[in-house]
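Okay, so here's the structure we're looking at.
Protein chains: 4
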Amino acid sequence: MAGDSSSERYRQQRARAVEAAASVFAHKGYHGASTADIAESMGIKQGSLYYYFKSKEEALEEVCLLGLRDYVHRMELIVSNDQPFEARLLAVVQSHLSGYREKNEALKVYNDERLYLPESRRRRLKQQGSHYREMLEGMFRNALEAGVVRRNLDCHFAAQSVIGICNAMGELIVRDPQLDLFELTQKCTDLLLIGLSEH
Amino acid sequence: MAGDSSSERYRQQRARAVEAAASVFAHKGYHGASTADIAESMGIKQGSLYYYFKSKEEALEEVCLLGLRDYVHRMELIVSNDQPFEARLLAVVQSHLSGYREKNEALKVYNDERLYLPESRRRRLKQQGSHYREMLEGMFRNALEAGVVRRNLDCHFAAQSVIGICNAMGELIVRDPQLDLFELTQKCTDLLLIGLSEH
Amino acid sequence: MAGDSSSERYRQQRARAVEAAASVFAHKGYHGASTADIAESMGIKQGSLYYYFKSKEEALEEVCLLGLRDYVHRMELIVSNDQPFEARLLAVVQSHLSGYREKNEALKVYNDERLYLPESRRRRLKQQGSHYREMLEGMFRNALEAGVVRRNLDCHFAAQSVIGICNAMGELIVRDPQLDLFELTQKCTDLLLIGLSEH
Amino acid sequence: MAGDSSSERYRQQRARAVEAAASVFAHKGYHGASTADIAESMGIKQGSLYYYFKSKEEALEEVCLLGLRDYVHRMELIVSNDQPFEARLLAVVQSHLSGYREKNEALKVYNDERLYLPESRRRRLKQQGSHYREMLEGMFRNALEAGVVRRNLDCHFAAQSVIGICNAMGELIVRDPQLDLFELTQKCTDLLLIGLSEH
DNA sequence: AATGAATGAGAGTTCATTCAT
DNA sequence: TATGAATGAACTCTCATTCAT
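So the protein lines, in turn, are chains A, B, C and D.
So the first sequence is numbered by the working numbering: it starts at 4 and just counts up by one.
So the second sequence is numbered by the working numbering: it starts at 4 and just counts up by one.
So the third sequence is numbered by the working numbering: it starts at 4 and just counts up by one.
So the fourth sequence is numbered by the working numbering: it starts at 4 and just counts up by one.
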């Protein structure tokens, strides 16, 4: 009745495992978290975790992948849209910041812990991550051609700054669940567009 | 003869130990680094480290403190100076970014690893850290009164953004030792002051 | 209709399980092999193995028993036959060596791994194993009475030697599937009968 | 006073560790033995074992190396000696059999467990092991030229047989500490030289 | 001031085993 | 008859820490 019950259950539980790992890694860091923590957080015993992951490292990789997935996907939507630069930038910031709320902690883990993955595992991540930054850079290059950003703008630097600011806000967002994301998004976009000074 | 030779030597070695710990923590993270790593990096044996630190945790605390010390001190100098806002902001950014180069890796450790300290140990750090942010906020409030920044500016957010952008650049700086700090400082300050857009 | 189908199937599958275990134990050793290895080797899942064995230990016992069964049986045939000593010895060697090929790996497992069985389980094996050696010893005693072997021969030692040489060859046989068993059998028998020296 | 005390102690303890490992592996097999068993057998705690070995595998390698060392060395002496073939063969057998007594269990471990070492680690062993068999083979080739062994003798097979018989006796020797090695050596040599039959 | 040796707690991982389905 | 899921004990290995010297 309920569909492919056999592997369906597995997929569900594995998804739960990834989320549990995301949450634990986000709060304790990769090395600070134990597999027992993860297991407990999803209500199974430590050894059982290995039914879903071959290793702790694989768990980290999955979490990072999850963190990136929607994030990259949304960027693709934004870039393929036909809106003015300012609107796009707002969308980027909004997507990034809201990521910290919804997609709970996986994105934070990607930002903070991905370096603990061995080079081999990081490759897939890098592709997606670079893709993201390149799309952002491309957006700035378009804006440059359109004359809506400063002529001397270093697009690589600009992309990095957007990401940097958003990440800095991530700390605040995760720590304070009451924070008004709408307002924060505005402020970030304003800062990026017109800076802090009076005209 | 040559001064208080016995305890002088101790102070020197202990300073070396803190630096060694800073370097190792910066590269491997607190949990990823072992006391053996630290000892080796300063040319002594694992056990000997405990002559200088009571525990690994204490080492982390010392590193964080070191990371903050000059950083805060330089901010105090900047704030007490009588220069225009733009020059001060530039000085802040410059101080922050150059910190990643000179003051070795202690600042990076403070940023990335301080959360692994238990609440009790974090108190002293918080004082200094808050002090820093408050000085920065104060700087913005002064600028607000002087009318050189936007009337609706959220000073707390502004301070956070400055720190966030600088931290984001830290990644780049640590990774690429050839990077031109002067140029980067300019770009950051420009971004913060006038944003990315044309006018 | 086609016979007692239900339990017939069971018997077949169980036989397959014993053979699978034999193969895996022979290649990886008892402790080096996992129940998952065995299950995989017969195309079922780990848990299903317990439908055929109560424990891994029981599997080892069954394998050893299998390894001995035909081996002992053939010895019985040889001993009950009315041939001259030389022919009988040849037959023994042939039976032993070909055992490594045909009766797959169960005999090798008996030789190498039986010691991991607890005393209680080893009892049945010992009976059969001793029986084998005693038949061989008896063969030598007959030959001694018949005057076809050296007068001072220690029959116990002789039996042990036959087994020892054959086992040593077992390594070669299992490792090299091309090896000519007929030739090897000749060589072993020659060695045992006339030694290595010129007359 | 007592020599290079610092590393001397270490060397001694490490030697004890190798012997302890030899003994435990010999009785329980590599996979059946735990590092806790080894540690306990030398009176230290499990973790401390890793002060002497980087891994359990390294321990196995060291044991095998130890098992081979004297064994190979004695063969070198025998081969370089200028004695008649019969005397040399006796010496080989004697050396091999007595190895099971004196050099305690390391040789047995080499024989039974070396296959559990990964290819990379086995290389050094193989050199020594092959060296041994080749020296033995060479001895037979010399005897062949001198006409003291059968003209049609397969020297490789002969060498393997010597080793095989001796190993088979090893089981007996280890199990029965009272066994008269001198007598057993004679019997083995006789068997190898003149076989079991009357003339 | 520094070290070698040891410790013990805890980590990640494997695995024989169980059991509802 | 067979499986997927889970368990818990055992195992190898790491590491912060201690201490006699």
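Quick reminder that beta carbons are idealized off the backbone N, C-alpha and C, glycines included.
This structure is a prediction, so every number in the text was calculated from the model and none was measured.
* Asked: Is there at least one Cβ from chain D nearer than 8 Å to G209 (chain C)'s Cβ?
  -> For residue 209 (chain C) there is no data in the structure shown, the boundaries of chain C being 4 and 202.
* Under 7 Å Cβ-Cβ, which residues of chain D neighbour D157 (chain C)? -> Your numbering for residue 157 (chain C) matches position 154 in the third sequence. Within chain D, K190 have C-beta atoms less than 7 Å from the C-beta of D157 (chain C), given in sequence order.
Quiz item: Counting along the chain, where does the alpha helix (DSSP H) carrying A39 (chain D) start and finish?
Solution: Taking the fourth sequence and counting its residues from 1, one reaches residue 39 (chain D) at position 36. From DSSP, the alpha helix (DSSP H) with A39 (chain D) extends over 38 to 44.
Discussion item. Can you tell me whether N170 (chain C) is buried or exposed? The criterion is at least 16 other CB atoms within 10 Å of its CB, across all chains shown.
Written reply: In the third sequence, counting from the first residue as 1, residue 170 (chain C) sits at position 167. With 16 or more other Cβ atoms within 10 Å, it is buried.
Check your understanding: Taking just the CA atoms, how far does K111 (chain A) sit from Y103 (chain A)?
Key -> The residue you call residue 103 (chain A) lines up with position 100 of the first sequence. The residue you call residue 111 (chain A) lines up with position 108 of the first sequence. About 7 Å.
Measuring CB atoms only, is the stretch 48 to 68 of chain C touching the stretch 113 to 131 of chain C, in the sense that at least three cross pairs come out at less than 8 Å? Contact holds: three or more Cβ-Cβ distances are below 8 Å.
Going by DSSP, what residues sit across from C96 (chain B) in a beta bridge? Sequence index remark: in the second sequence, residue 96 (chain B) carries index 93 (1-based). According to the sequence displayed, residue 96 (chain B) carries Val and not Cys. Bridge partners of V96 (chain B): none, in fact.
* Asked: When you compare each of D:L63, D:V82, D:E43, D:L139 to A162 (chain D) by their alpha carbons, which one comes out closest?
  -> On the fourth sequence, residue 162 (chain D) is found 159 positions in, with the first residue counted as 1. That would be D:L139, whose Cα lies nearest to the Cα of A162 (chain D).
Inset, instruction - Assuming Y74 (chain A) and Y33 (chain A) form a contact by the criterion Cβ under 8 Å, report the distance between their Cβ atoms to the nearest whole angstrom. - result: Taking the first sequence and counting its residues from 1, one reaches residue 74 (chain A) at position 71. Taking the first sequence and counting its residues from 1, one reaches residue 33 (chain A) at position 30. Not confirmed; about 19 Å, so no contact.
Notebook entry, point to check: Between the C-alpha atoms of S44 (chain A) and R12 (chain A), what's the straight-line distance to the nearest angstrom?
Noted result: Sequence index remark: in the first sequence, residue 44 (chain A) carries index 41 (1-based). Sequence index remark: in the first sequence, residue 12 (chain A) carries index 9 (1-based). Between S44 (chain A) and R12 (chain A), the C-alpha separation is close to 18 Å.
- [ ] Put G6 (chain C) into one of helix, strand or coil per three-state DSSP.
- [x] Residue 6 (chain C) sits at position 3 when you count from the first residue of the third sequence. With a pLDDT of 48 at G6 (chain C), under the threshold of 50, the modelled position of that residue is not reliable, and the figure given next carries that caveat. Three-state result, G6 (chain C): coil.
* Asked: In whole angstroms, what separates the C-alpha of D85 (chain C) from that of C158 (chain C)?
  -> In the third sequence, the residue the question calls residue 85 (chain C) occupies position 82. In the third sequence, the residue the question calls residue 158 (chain C) occupies position 155. Between the C-alpha atoms of D85 (chain C) and C158 (chain C) there is a straight-line separation of about 20 Å.
Problem set entry | Contacts of A20 (chain D) in chain C (Cβ-Cβ under 7 Å) | If you number the fourth sequence from 1, residue 20 (chain D) lands on position 17. Chain C residues near A20 (chain D): none, gap ~21 Å exceeds 7 Å.
Quiz item: Relative to the C-alpha of R153 (chain B), which residue among B:E105, B:C191, B:L195, B:L118 is closest?
Solution: For the purposes of this step, residue 153 (chain B) is identified with residue 150 of the second sequence, where counting begins at 1. Closest by alpha carbon: B:L195.
### Task
Find the residues of chain A that neighbour M172 (chain B), judging by a C-beta separation of less than 9 Å, and give them in chain order.
On the second sequence, residue 172 (chain B) is found 169 positions in, with the first residue counted as 1. Result: F160, Q163, S164, G167.
- Output, in chain order, the set of chain D residues within a Cβ distance shorter than 8 Å of H34 (chain C). In the third sequence, the residue the question calls residue 34 (chain C) occupies position 31. Correct list: G32, Y33, H34, G35.
- Query: Rounded C-beta distance between G141 (chain C) and V82 (chain C)? I'm assuming under 8 Å.
  - Reply: Taking the first residue of the third sequence as 1, we reach residue 141 (chain C) at position 138. Taking the first residue of the third sequence as 1, we reach residue 82 (chain C) at position 79. The Cβ separation is near 7 Å, so the contact holds.
Shorter than 8 Å from the beta carbon of Y103 (chain B) to some beta carbon of chain A?
As a position in the second sequence, residue 103 (chain B) is number 100, starting the count at 1. Not one chain A Cβ lies under 8 Å of Y103 (chain B).
Minimum Cβ-Cβ distance from Y119 (chain C) to chain D less than 8 Å:
Within the third sequence, the letter at position 116 stands for residue 119 (chain C). Interface residue, yes.
- Item | Among B:D193, B:R127, B:F28, nearest to A109 (chain B) - alpha-carbon criterion | Indexing the second sequence from 1 puts residue 109 (chain B) at position 106. Between A109 (chain B) and the set B:D193, B:R127, B:F28, the nearest pair of CA atoms involves B:F28.
_For a test of the three-state rule: what should DSSP assign to G35 (chain B), helix, strand or coil?_
As a position in the second sequence, residue 35 (chain B) is number 32, starting the count at 1. In this structure, G35 (chain B) counts as coil in the three-state DSSP scheme.
- Do we get a CB-CB distance below 8 Å when we pair L195 (chain B) with the residues of chain A? Within the second sequence, the letter at position 192 stands for residue 195 (chain B). Closer than 8 Å: yes.
| said: Are the CB atoms of L120 (chain A) and L63 (chain A) within a distance shorter than 8 Å? | reply: Walking along the first sequence from the start, residue 63 (chain A) turns up at place 60. Walking along the first sequence from the start, residue 120 (chain A) turns up at place 117. In this structure, L120 (chain A) lies closer than 8 Å to L63 (chain A) by Cβ.
Could you tell me if H99 (chain D) is buried or exposed, where buried requires 16 or more neighbouring beta carbons within 10 angstroms of its beta carbon? Here residue 99 (chain D) corresponds to residue number 96 of the fourth sequence, with the count starting at 1. With 16 or more other Cβ atoms within 10 Å, it is buried.
6 Å Cβ shell around A36 (chain C) - same chain, five flanking residues per side excluded = Stepping through the third sequence from its first residue, residue 36 (chain C) is reached at position 33. Taken in chain order, the residues that qualify are V27, F28.
(Q) I want to verify the contact list: residues of chain A whose CB lies under 8 Å from the CB of L175 (chain B), in sequence order. (A) For the purposes of this step, residue 175 (chain B) is taken as the residue at position 172 of the second sequence. Those are Q163, listed as they occur along chain A.
Mapping DSSP to helix, strand and coil, what is I166 (chain A)? The sequence position of residue 166 (chain A) within the first sequence is 163, counting from 1. DSSP places I166 (chain A) in helix when its eight states are reduced to three.
Original post:
How would you call L80 (chain D), buried or exposed, if buried means at least 16 neighbouring beta carbons within 10 angstroms?
Top reply: Counting from 1 along the fourth sequence, the entry for residue 80 (chain D) is found at position 77. Classification of L80 (chain D): exposed, given that the 10 Å Cβ count is below 16.
Item checked: Proximal residues to I168 (chain A) (C-beta, below 6 Å), its chain only, five neighbours per side dropped -> The residue given as residue 168 (chain A) occupies position 165 in the first sequence. Counting only Cβ-Cβ distances below 6 Å, and skipping sequence neighbours, we find C191.
Would you check if the distance between the CB atom of Q16 (chain D) and the CB atom of Y53 (chain D) is smaller than 8 Å? Here residue 16 (chain D) corresponds to residue number 13 of the fourth sequence, with the count starting at 1. Here residue 53 (chain D) corresponds to residue number 50 of the fourth sequence, with the count starting at 1. Against a cut-off of 8 Å, the Cβ pair of Y53 (chain D) and Q16 (chain D) comes out as no contact.
Q) Considering only the beta carbon of each residue, do R124 (chain D) and E22 (chain D) sit closer than 8 Å? A) Looking up residue 124 (chain D) in the fourth sequence gives position 121. Looking up residue 22 (chain D) in the fourth sequence gives position 19. In this structure, E22 (chain D) does not lie closer than 8 Å to R124 (chain D) by Cβ.
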